[in-house]
Ligand code: HEM
């Protein structure tokens, strides 16, 4: 339940907060939606063609990394490739998703900027392991295709009907709290129907 529900709902909460903070991004997403469907019907092919929406989902997953990392336990001795650091059998190694996604060595556009366009431009060919929202290897997230599909369908449907706005500093101040997932803390948005 936690793996399948809390993760995707956290992304949606971050998404709603992001829309209230970045109206230009929201506007661009609405334009893209209008360009593929004027009557609000969406076929699978039309949903697939929403490239900017994919970029926004990737940027939410990069900027907020819903889980802070994952751990692997070594079954054999090994050395880290660059530093030659010795690792022993039984050692636990943390893969820190947030640090990787915000490491300026690996990204061209400022990692502290919310910039979905990075995935179309300078950061299009980012290193595979700098963005691991679903982990990697044998134990990577089993539900990632479903999660991406759910997110895309729900976000597209929401933005066809609703425009999110900033509810003001008292209630929409952001921040986060970390439980099993990283969740936004103060999300107070306005909703307009358009
Ligand atoms: C945006 C949504 C989601 C995120 C960010 C996410 C993230 C993750 C991460 C980071 C892991 C650990 C991967 C690793 O250690 O390499 C994981 C594992 C897992 N996830 Fe997800 N997940 C999401 C959605 C889902 C959904 C929708 C389901 C099921 C319907 C699901 C089921 C699982 C399961 C069962 C595992 C354990 C896999 C294993 O240990 O073999 N997740 N997920």
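In our numbering, the protein residues as written are 149 to 342.
For each residue, glycine too, the CB sits at the ideal point set by N, CA and C.
If you're wondering where the values come from, they're calculated on a predicted model, not measured in any experiment.
Along the chain, where does the alpha helix (DSSP H) that runs through residue 292 open and close? Start and end: 292-309.
Suppose you measure from the CA of residue 201 to the CA of residue 237; what does that come to, to the nearest Å? If you draw a straight line from the Cα of residue 201 to the Cα of residue 237, it is about 43 Å long.
Give the range of the alpha helix (DSSP H) segment to which residue 176 is assigned. For residue 176, the enclosing alpha helix (DSSP H) covers residues 171-184.
Residue(s) in a DSSP beta bridge with residue 337: The partner list for residue 337 (beta bridge, DSSP) reads 314.
In this structure, does DSSP put residue 150 in helix, strand or coil? Of the three classes helix, strand and coil, the one that applies to residue 150 here is helix, per DSSP.
Whole-angstrom distance between residue 172 and residue 277, CA atom to CA atom: One C-alpha to the other measures close to 29 Å.
Is residue 216 helix, strand or coil by DSSP? In the three-state reduction of the DSSP assignment, residue 216 falls in the coil class.
In the DSSP assignment, find the alpha helix (DSSP H) that holds residue 325 and state where it starts and stops. Per DSSP, residue 325 lies in no alpha helix (DSSP H) segment; the continuous beta strand (DSSP E) that holds it begins and ends at 322-326.
Taking the alpha-carbon of residue 220 as reference, which of 199, 239, 212, 339 has the nearest alpha-carbon? The alpha carbon of residue 220 has as its nearest neighbour, out of 199, 239, 212, 339, the alpha carbon of 239.
Thinking C-beta only, is residue 249 closer than 7 Å to residue 213? Judged by beta-carbon spacing, residue 249 lies within the 7 Å limit of residue 213, meaning their Cβ atoms are closer than that value.
Report, in whole angstroms, the separation of the C-beta atoms of residue 136 and residue 261, which I expect to be a contact under 8 Å. Absent from the structure is residue 136, since the part of the chain shown begins at 149 and ends at 342.
Residues in the same chain with beta-carbon distance under 7 Å from residue 331, minus the five sequence neighbours each way, listed in chain order, please. 158, 161, 324, 325, listed in sequence order.
6 Å Cβ shell around residue 197 - same chain, five flanking residues per side excluded: Correct list, in chain order: 184.
For a test of the three-state rule: what should DSSP assign to residue 227, helix, strand or coil? It is a strand residue.
DSSP on residue 256, reduced to helix/strand/coil? Secondary structure at residue 256: coil, using DSSP grouped into helix, strand and coil.
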